[in-house]
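Using the numbering used here, the first residue of the sequence shown is number 332, and each one after it goes up by one.
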Amino acid sequence: MSDSENTLSAQSGGAQPREQWSSRLAFILAATGSAVGLGNIWKFPYITGENGGGAFVLIYLLCIATIGIPIMMAEIMLGRRGRQDPISTMKHLARESGHSRSWGLLGWMGVIAGFLILSYYSVIAGWALSYVPRMASGIFTGLDADGVNTVFSDLVGSAESLLAWHTIFMIMTMTVVARGVRGGLEKAVTYLMPLLFILLVILVFYAMESGHFEQGLSYLFTPDFSKISTKGVLTAMGHAFFTLSLGMGAIMVYGSYLPEKTSIATASIAVAVMDTIVALLAGMIIFPIVFANALEPAAGPGLIFKTLPLAFGQMPYGDLFGTLFFVLLVFAAWTSSISLIEPAVTWGMKTFKYSRIKMSVISGLLVWFAGLFTIFSFNLASDFTISTSITTHYGEFVILKDATAFDFLDYLTSNIMLPLGGLMIAIFAGWLMKKEYSKQELALSPFWYGTWSFLGRFIAPVMGIIVFMNAMGIIAFFESILGIKLDAFFRSLF
Ligand code: TRP
332 MSDSENTLSA QSGGAQPREQ WSSRLAFILA ATGSAVGLGN IWKFPYITGE
382 NGGGAFVLIY LLCIATIGIP IMMAEIMLGR RGRQDPISTM KHLARESGHS
432 RSWGLLGWMG VIAGFLILSY YSVIAGWALS YVPRMASGIF TGLDADGVNT
482 VFSDLVGSAE SLLAWHTIFM IMTMTVVARG VRGGLEKAVT YLMPLLFILL
532 VILVFYAMES GHFEQGLSYL FTPDFSKIST KGVLTAMGHA FFTLSLGMGA
582 IMVYGSYLPE KTSIATASIA VAVMDTIVAL LAGMIIFPIV FANALEPAAG
632 PGLIFKTLPL AFGQMPYGDL FGTLFFVLLV FAAWTSSISL IEPAVTWGMK
682 TFKYSRIKMS VISGLLVWFA GLFTIFSFNL ASDFTISTSI TTHYGEFVIL
732 KDATAFDFLD YLTSNIMLPL GGLMIAIFAG WLMKKEYSKQ ELALSPFWYG
782 TWSFLGRFIA PVMGIIVFMN AMGIIAFFES ILGIKLDAFF RSLF
């Protein structure tokens with residue numbers, strides 16, 4: 332690591348000297364650790380399966396390139412210039428460019444979004460955790476689809492089990508957070524990230540042996556645009572924010588530890604590329620196995636938990652590879668969950684003058700408690716659902732249908748708060764921040780600065796607004812008033 336920066340120096344904007352990553356590589360690993368998580372390995376495959384495969388993947392890739400990377404650059408840039416928690420950073424930068432301190436609200440929304448996401452993220456990570464001893468014990472060997480389903484429904488049906496696993500995962504997360512950036516975060520990701528890549532590649536080789544590798548690949552990479560819907564396009568856009576950890580200040584906080592000389596563009600592209608590779612590898616592992624066992628790609632959120640153990644249970648050395656797979660998933664979720672809570676912790680440390688350890692314990696307990704809503708939504712309170720729809724004289728447009736507390740939290744955060752946060756970040760960085768500042772921070776050639784500026788000022792905000800309006804039901808509302816169907820429009824584009 333030749334570009335090591337071992338001295339801790341006082342930074343512009345921040346009141347106190349601030350810790351920094353020890354090298355550019357450490358930042359890239361940490362940001363990749365944040366980006367790569369359940370979103371890539373659990374969510375990407377199931378939403379791909381629900382939206383018909385190749386065409387969805389193509390649109391998702393376009394979203395990563397045109398909105399994901401520019402917003403990531405903007406978020407890192409704001410973080411590094413502000414050098415504080417997202418709330419103080421936004422206030423400080425707004426003042427610096429002559430705008431209202433109410434931009435601090437953006438930081439607030441991020442802290443709350445991170446909290447809410449972690450509350451359910453930890454429960455799902457708990458599922459993965461509980462599959463490690465299950466796989467290792469060999470109970471899936473030779474089990475049929477019904478048997479595997481029973482294992483899954485027994486798990487989610489038991490509030491006690493979910494609570495236990497959620498508790499363990501929260502302790503794991505808060506232990507790393509409490510140890511701080513250099514001590515905890517950086518060490519954890521330096522070892523976990525490379526290990527993750529190695530495990531994934533081993534599993535891809537394994538999937539190649541499944542006999543249905545080609546079918547899996549063609550499902551992922553051959554676009555069939557007749558399968559794409561407005562919902563698919565918008566899900567792809569929303570997921571671009573989620574998978575890159577954008578829109579809530581996580582990457583902003585990581586950026587705040589970034590040394591001055593590091594190129595933000597190079598780091599952003601590296602992170603986005605690695606995140607995308609992991610998602611595609613996960614798809615290349617999962618779909619061949621799905622097809623080899625005549626499973627249903629559109630099985631929903633339970634996809635990997637209901638189908639993979641079945642496949643692993645039928646294959647030679649399945650227990651070993653299955654165990655590795657879930658260990659890998661837990662690692663990936665762990666390095667992501669850290670970044671979901673880090674903004675709240677840095678903010679609390681500064682605001683209340685609490686130590687890192689004290690603030691970690693407090694916020695960990697709060698998130699743990701909020702997780703109870705998700706836990707009970709799978710069992711005790713599964714009947715407690717909400718539905719919202721808009722009725723016009725063209726018919727009824729459903730926004731949320733029978734959503735449990737978990738569905739609602741996922742929807743509120745991924746479809747509303749993150750796109751809104753990403754949109755505001757793009758507007759702030761592209762329109763409100765003085766150009767001389769963004770030029771200085773990004774240090775790009777005029778051509779690339781122009782490209783970033785165009786994507787950040789125009790494309791990203793427009794896409795952000797569309798995702799947000801769709802989530803709020805506004806698009807369905809206009810469709811109904813105007814009597815048009817955007818689905819047909821999107822299909823006609825290709
Ligand atoms: N990106 C992570 C994943 O794909 C989840 C995550 C971590 C996240 N930090 C975030 C999502 C911040 C949104 C915002 O699993």
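Cβ atoms here follow ideal geometry from the backbone N, Cα and C, with glycine treated the same way.
Contacts around residue i, its chain only, beta-carbon distance under 6 Å, and the 5 residues preceding and following it disregarded
i      : result
Asn337 : Reliability fails at Asn337, whose pLDDT of 32 lies under 50, so the model's placement of it is uncertain and no value is given.
Ile806 : Met800
Pro401 : Trp783, Leu786, Gly787 and Ala791
Phe704 : Ala736
Ile617 : Pro376
Leu626 : Thr638
Assigned secondary structure, residue i (DSSP; H/G/I helix, E/B strand, else coil)
i      : result
Ile635 : helix
Ile717 : strand
Asp733 : strand
Ala642 : helix
Ile559 : coil
Val442 : helix
Ile806 : helix
Met332 : Low confidence applies here, because Met332 scores a pLDDT of 33, under 50, leaving its location unreliable and the question unanswered by this model.
Arg510 : helix
Arg414 : coil
Thr338 : At Thr338, the pLDDT of 29 sits below 50, so the modelled position is not reliable; the number obtained from the coordinates is stated separately. Correct three-state label for Thr338: coil.
Gly473 : coil
Pro590 : coil
Glu627 : coil
Gly653 : helix
Ser861 : Outside the displayed range of the chain (332 to 825) lies residue 861, so it cannot be described from this structure.
Lys681 : helix
First through last residue of the alpha helix (DSSP H) which encompasses residue i
i      : result
Ile608 : Ile595 to Ala623
Met583 : Ala581 to Ser587
Pro647 : Pro647 -> no alpha helix (DSSP H), and no H or E assigned at all.
Phe704 : Arg687 to Ser708
Ser428 : Note, Ser428: premise wrong, no alpha helix (DSSP H); not H, not E.
Gln546 : Phe544 to Phe552
Ala362 : Arg355 to Ala366
Asn480 : Ala476 to Gly488
Lys374 : That residue, Lys374, is in no alpha helix (DSSP H); it is neither H nor E in DSSP.
Glu772 : Lys766 to Leu773
Ile302 : In the structure displayed, the chain extends from 332 to 825; residue 302 sits before or after that span and is not available.
Tyr828 : Nothing about residue 828 can be reported from this structure: the residues present for the chain run from 332 to 825 only.
Ala386 : Gly385 to Cys394
Gly578 : Note, Gly578: premise wrong, no alpha helix (DSSP H); not H, not E.
Ala757 : Leu749 to Ile758
Pair within 7 Å by beta-carbon distance, residue i and residue j
i      : j      : result
Leu671 : Pro554 : no
Phe759 : Ala567 : no
Met615 : Val535 : yes
Gly578 : Gly695 : no
Ala459 : Thr654 : no
Gly644 : Leu474 : yes
Thr363 : Leu523 : no
Met748 : Ala444 : yes
Ile448 : Leu369 : no
Ser541 : Pro464 : no
Pro750 : Val798 : yes
Ala425 : Trp434 : yes
Asn371 : Ala601 : no
Pro640 : Val487 : no
Leu575 : Ala361 : no
Phe662 : Leu531 : no
Cys394 : Ala571 : yes
Leu763 : His430 : yes
Residue-level contact to chain C via CB, residue i, 7 Å cutoff
i      : result
Leu493 : Absent from the structure is chain C; it holds one protein chain and no more.
Nonlocal neighbours in the same chain, by C-beta distance under 7 Å from residue i, ignoring five residues either side
i      : result
Met404 : Ile595, Ala596, Ser599, Leu773 and Trp783
Val621 : Pro628 and Thr638
Gly631 : Tyr377 and Glu381
Lys765 : Ser428
Ile717 : Leu731, Ala734 and Phe739
Asp334 : Here Asp334 scores only 34 on pLDDT, less than 50, and its place in the model should not be relied on; the value that follows carries that caveat. Within the same chain, Asp334 has close Cβ partners Ser354 and Arg355.
Residues near residue i by beta carbon distance below 8 Å, same chain, minus five either side
i      : result
Lys681 : Gln415, Asp416 and Ser419
Ile533 : Phe652 and Leu655
- Query: Within the chosen definition, does the region 573–592 reach the region 669–683 through at least 3 CB pairs nearer than 8 Å?
  - Reply: yes
- How do the region 410–425 and the region 584–594 stand: do at least 3 beta-carbon pairs fall below 8 Å, yes or no? yes
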